[in-house]
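Written out as structure tokens, the structure reads:
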């Protein structure tokens with residue numbers, strides 16, 4: 052035996068008010084939307100028909116709750132349509148025509164009228180159909196789910212619909228003249244049919260001008276100033292510039308405003324979106340590409356599908372094509388700046404560099420235009436890629452911040468310019484350079500590449516440092532670290548620790564293994580066993596440094612060993628390398644040893660007496 056679902060109207064209204072609609076004020080939007088659709092439907096029957104929407108606020112003299120009257124000169128409803136559409140949840144009077152004429156109507160779900168029950172307990176609809184027998188019918192619906200239909204004793208003179216709402220006691224605030232005016236202008240300010248509000252026998256037009264981006268302006272400058280003023284009115288922000296938007300897919304047009312400050316790169320801009328010139332949402336997030344977070348936009352769409360709440364758009368192929376077309380509008384604006392006003396482009400990059408970089412990665416033509424304007428941090432200061440390539444034919448970069456810190460100071464002292472590509476998109480942008488600009492050369496750089504630029508020792512210097520070099524190699528052999536002695540700048544840096552990427556990975560893995568349980572340590576052992584390459588690090592001693600020169604003359608083996616160990620640990624710390632357990636023990640032992648040696652020396656003890664100690668003074 053089949054059973055029918057039982058629908059609780061109270062439960063549906065609670066669902067609408069608490070979960071589907073953003074506030075009770077959307078009842079004005081739904082009634083404006085129904086009125087606009089009714090006018091469009093009548094124009095399908097009578098192409099010469101014009102229509103208007105009226106709102107009249109009637110306040111009672113006895114202090115009772117006010118009444119709001121909505122009127123339209125639309126197609127109206129027959130008695131059969133009243134039972135079918137006003138009393139059946141989810142049934143839309145546009146549904147039969149929806150697939151064939153989707154762009155003609157705003158409403159598609161047949162639930163809009165229920166939003167009125169968020170602000171009133173009873174709803175009276177008086178309607179005369181342009182297709183019917185000329186009768187005027189009354190439908191009176193109540194929030195408990197009951198309704199009745201009868202022939203009106205006050206017939207309408209022409210086809211159309213009147214909707215009467217008496218404010219519920221707790222919803223009177225939504226029926227004040229100021230609130231009704233604000234809501235009607237907010238939702239219907241761009242509608243193509245006149246929207247008029249009457250209060251105390253005074254009538255005003257709420258939408259006299261239409262979308263500002265479609266108006267005629269004497270000059271381009273006048274247009275820009277007018278649209279910037281409109282953006283200030285809508286968003287309360289003084290924007291840097293305004294960009295026209297247009298998409299054939301979805302029939303979308305409007306304007307985008309360039310933000311005066313850079314938002315967080317994860318921030319999603321919320322846009323004001325109209326559907327067939329009725330405000331759909333002020334927080335639509337899925338209309339523009341993700342990289343376009345440097346703009347806020349106001350657009351109207353005639354061919355996109357709204358979600359059930361009519362506060363965003365349904366994700367489909369049409370929306371995807373519209374999003375791509377609007378992204379092309381933004382690309383064109385940026386490309387025009389690069390050609391015609393590069394200073395403005397530089398200012399925009401300074402504010403919205405992350406978004407510009409994202410677009411450059413996505414679009415090769417735009418990449419060619421802007422890549423040399425992009426600023427990068429380097430070991431010799433911030434400079435554009437164009438300035439860098441004027442002096443250095445090979446673009447050398449470090450992909451990590453720690454890697455840059457390890458090389459920046461020493462590289463600068465050798466006259467090497469190394470880019471810090473640790474920031475978002477920078478490494479990908481630089482790696483893309485030779486693919487888009489064929490003559491460009493790009494190479495990653497690490498601390499392991501630095502010793503190649505250092506000055507070699509003379510024969511006499513090699514003989515002088517040979518004992519130090521031999522001892523240092525034995526001391527650091529347990530740490531799989533080789534030793535070299537060279538001359539480099541700055542002279543105050545005594546050592547440089549370097550390793551290739553494979554060695555750095557193994558070092559990190561070994562430190563993680565020390566801090567892990569047996570199971571995870573076994574996993575790390577397996578990973579490390581599968582790696583190859585040269586895993587020996589290198590400690591380069593700087594003979595320009597006074598301490599290293601003194602060490603070369605020290606004869607005391609214990610003091611020399613202790614000094615080499617401490618220089619090794621210092622090089623690790625200066626290079627931002629975390630110490631493993633063995634190296635932490637070395638640090639503690641070395642500090643205590645140096646303190647002890649100094650105390651013995653100060654106290655006249657024998658531990659450091661003799662000529663071997665003079666090298667440390």
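In the numbering used here, the protein residues as written are 52 to 668.
No residue lacks a Cβ here, since even glycine has one placed at the ideal position from N, Cα and C.
task = Using the DSSP secondary-structure output, state which residues sit across from residue 347 in a beta bridge.
result = In the chain shown, counting from the first residue as 1, residue 347 sits at position 296. Looking at the DSSP assignment, residue 347 forms a beta bridge with 308.
ask   = According to DSSP, which residues form a beta bridge with residue 190?
value = As a position in the chain shown, residue 190 is number 139, starting the count at 1. 176 and 200, per the DSSP bridge assignment.
inquiry  = For residue 649 and residue 628, what's the separation of their Cα atoms in angstroms?
reply    = On the chain shown, position 598 is the one that residue 649 refers to. On the chain shown, position 577 is the one that residue 628 refers to. Near 28 Å, if we compare the C-alpha coordinates of residue 628 and residue 649.
task = For residue 206, I'd like the list of residues in its chain whose CB is within less than 8 Å of its CB, leaving aside the five on either flank, ordered along the chain.
result = As a first step, residue 206 must be located in the chain shown, where it is residue number 155. Same-chain partners within the cutoff: 179, 186 and 187.
query = So residue 332 is in the alpha helix (DSSP H); what residue range does that whole segment cover?
reply = Position 281 of the chain shown holds residue 332. No alpha helix (DSSP H) contains residue 332, which is instead part of the beta strand (DSSP E) from 329-335.
inquiry  = Rounded to the nearest angstrom, what separates residue 460 and residue 323 at their Cα positions?
reply    = As a first step, residue 460 must be located in the chain shown, where it is residue number 409. As a first step, residue 323 must be located in the chain shown, where it is residue number 272. Residue 460 and residue 323: Cα-Cα distance of roughly 49 Å.
inquiry  = One question on the structure: do residue 190 and residue 202 come within less than 7 Å of each other, judged by their Cβ atoms?
reply    = As a working mapping, residue 190 is identified with position 139 in the chain shown. As a working mapping, residue 202 is identified with position 151 in the chain shown. Contact: no.
query = Considering only residues of the same chain and omitting the five flanking positions on each side of residue 487, which have a CB-CB separation below 8 Å?
reply = Residue numbering aside, residue 487 sits at position 436 when the chain shown is read from its first letter. Around residue 487, the same chain offers 415, 418, 419 and 422 as residues with beta carbons nearer than 8 Å, after the five sequence neighbours per side are excluded.
request  = Could you check what DSSP says for residue 417 in three-state terms: helix, strand or coil?
outcome  = In the chain shown, counting from the first residue as 1, residue 417 sits at position 366. In the structure shown, residue 417 sits in a helix (DSSP, three-state: H, G or I).
task = Tell me whether residue 296 sits in a helix, a strand or coil according to DSSP, three-state version.
result = To locate residue 296, count along the chain shown from 1; it is residue 245. Three-state DSSP puts residue 296 in a strand.
query = According to the Cβ coordinates, are residue 238 and residue 170 closer than 7 Å?
reply = Position 187 of the chain shown, counted from the start, is the residue given in the question as residue 238. Position 119 of the chain shown, counted from the start, is the residue given in the question as residue 170. Result no, Cβ atoms of residue 238 and residue 170 do not sit closer than 7 Å.
request  = Between the Cα of residue 527 and those of 618, 363, 431 and 125, spot the shortest distance and give me the residue it belongs to.
outcome  = Residue numbering aside, residue 527 sits at position 476 when the chain shown is read from its first letter. It is 618.
ask   = Is the Cβ-Cβ distance between residue 246 and residue 116 less than 7 Å?
value = Locating residue 246 in the chain shown gives position 195, counting from the first residue. Locating residue 116 in the chain shown gives position 65, counting from the first residue. Contact: no.
inquiry  = Closest to residue 114 by C-alpha separation, out of 220, 130 and 210, would be which residue?
reply    = In the chain shown, residue 114 corresponds to position 63, counting from 1. In this structure, 220 is the residue among 220, 130 and 210 with its C-alpha nearest to the C-alpha of residue 114.
request  = Please classify residue 647: does DSSP put it in a helix, a strand, or coil?
outcome  = One-based indexing of the chain shown puts residue 647 at position 596. Residue 647 falls in the helix class under three-state DSSP.
query = Grouping DSSP H, G and I as helix and E and B as strand, with all else coil, what is residue 442?
reply = Locating residue 442 in the chain shown gives position 391, counting from the first residue. Residue 442: helix per DSSP, three-state reduction.
query = Which first and last residues belong to the beta strand (DSSP E) in which residue 547 is found?
reply = As a working note, residue 547 is residue 496 in the chain shown. Start and end: 546-549.
request  = Consult DSSP for residue 476 and reduce its assignment to one of helix, strand or coil.
outcome  = Against the chain shown, residue 476 aligns to sequence position 425. Residue 476: coil per DSSP, three-state reduction.
query = Got a sec, what are the start and stop residues for the alpha helix (DSSP H) residue 511 sits in?
reply = Here residue 511 is taken as the residue at index 460 of the chain shown, counted from 1. It spans 510-527 - the alpha helix (DSSP H) in which residue 511 sits, taken as one unbroken run.
key: When 616, 364, 310 and 267 are compared against residue 283, the one with the closest alpha-carbon   = Locating residue 283 in the chain shown gives position 232, counting from the first residue. Among 616, 364, 310 and 267, the Cα nearest to that of residue 283 belongs to 310.
query = Counting Cβ pairs closer than 8 Å, one from the stretch 290-302 and one from the stretch 345-364, do we hit at least three?
reply = yes
query = Taking just the CA atoms, how far does residue 405 sit from residue 96?
reply = Numbered from its first residue, the chain shown carries residue 96 at position 45. Numbered from its first residue, the chain shown carries residue 405 at position 354. Taking the straight line joining both Cα atoms gives about 52 Å.
ask   = Can you name, in chain order, every residue of its own chain whose Cβ lies under 7 Å from the Cβ of residue 92, other than the five neighbours on each side?
value = For the purposes of this step, residue 92 is taken as residue 41 along the chain shown, with counting starting at 1. Counting only Cβ-Cβ distances below 7 Å, and skipping sequence neighbours, we find 125 and 126.
ask   = So is residue 261 buried or exposed if we call it buried at 16+ other beta carbons inside 10 Å?
value = Residue numbering aside, residue 261 sits at position 210 when the chain shown is read from its first letter. Exposed.
task = Take residue 215 and list the residues in its own chain whose beta-carbon comes closer than 7 Å to its own, dropping the five residues that flank it on each side.
result = Locating residue 215 in the chain shown gives position 164, counting from the first residue. If the five residues before and after residue 215 are omitted, its C-beta is found closer than 7 Å to the C-beta atoms of 118, 120 and 175, all from its own chain and listed in chain order.
message = Let's see if you can read the secondary structure: which residues bound the alpha helix (DSSP H) around residue 85?
response = On the chain shown, position 34 is the one that residue 85 refers to. That run of the alpha helix (DSSP H) goes 77-96.
query = How would you label residue 229, buried or exposed, when you count the other beta carbons within 10 angstroms and need 16 or more for buried?
reply = Your numbering for residue 229 matches position 178 in the chain shown. The residue in question, residue 229, is exposed, as its Cβ has fewer than 16 Cβ neighbours within 10 Å.
ask   = Looking only at C-alpha atoms, which of 198, 253, 596 and 74 sits nearest to residue 108?
value = Here residue 108 refers to the residue found at position 57 when the chain shown is read from its first residue. Ranking 198, 253, 596 and 74 by Cα distance to residue 108 puts 253 first.
request  = Output the distance between the C-alpha atoms of residue 504 and residue 540, rounded to the nearest integer angstrom.
outcome  = Mapped onto the chain shown, residue 504 falls at position 453. Mapped onto the chain shown, residue 540 falls at position 489. Rounded to whole angstroms, residue 504 to residue 540 spans 11 Å at the Cα level.
query = How long is the line joining the alpha carbons of residue 472 and residue 167, rounded to whole angstroms?
reply = Your numbering for residue 472 matches position 421 in the chain shown. Your numbering for residue 167 matches position 116 in the chain shown. Straight across, the Cα-Cα distance linking residue 472 with residue 167 is about 57 Å.
message = Can you check which of these residues, 336, 209 and 198, is closest to residue 184 by C-alpha distance?
response = Along the chain shown, one-based indexing puts residue 184 at 133. The shortest Cα separation from residue 184 among 336, 209 and 198 belongs to 209.
ask   = Does residue 420 get closer than 7 Å to chain D when you measure Cβ to Cβ?
value = Note that chain D does not occur in the displayed structure, where there is just one protein chain.
query = Between residue 132 and residue 182, what straight-line distance do the alpha-carbon atoms span, to the nearest angstrom?
reply = Looking up residue 132 in the chain shown gives position 81. Looking up residue 182 in the chain shown gives position 131. Cα to Cα, residue 132 sits roughly 11 Å from residue 182.
query = Just reading off the alpha helix (DSSP H) that residue 537 is part of, what are its end residues?
reply = On the chain shown, position 486 is the one that residue 537 refers to. Premise fails: residue 537 lies in the beta strand (DSSP E), 532-537, not in any alpha helix (DSSP H).
query = Looking only at C-alpha atoms, which of 398, 453, 299 and 481 sits nearest to residue 409?
reply = As a working note, residue 409 is residue 358 in the chain shown. It is 481.
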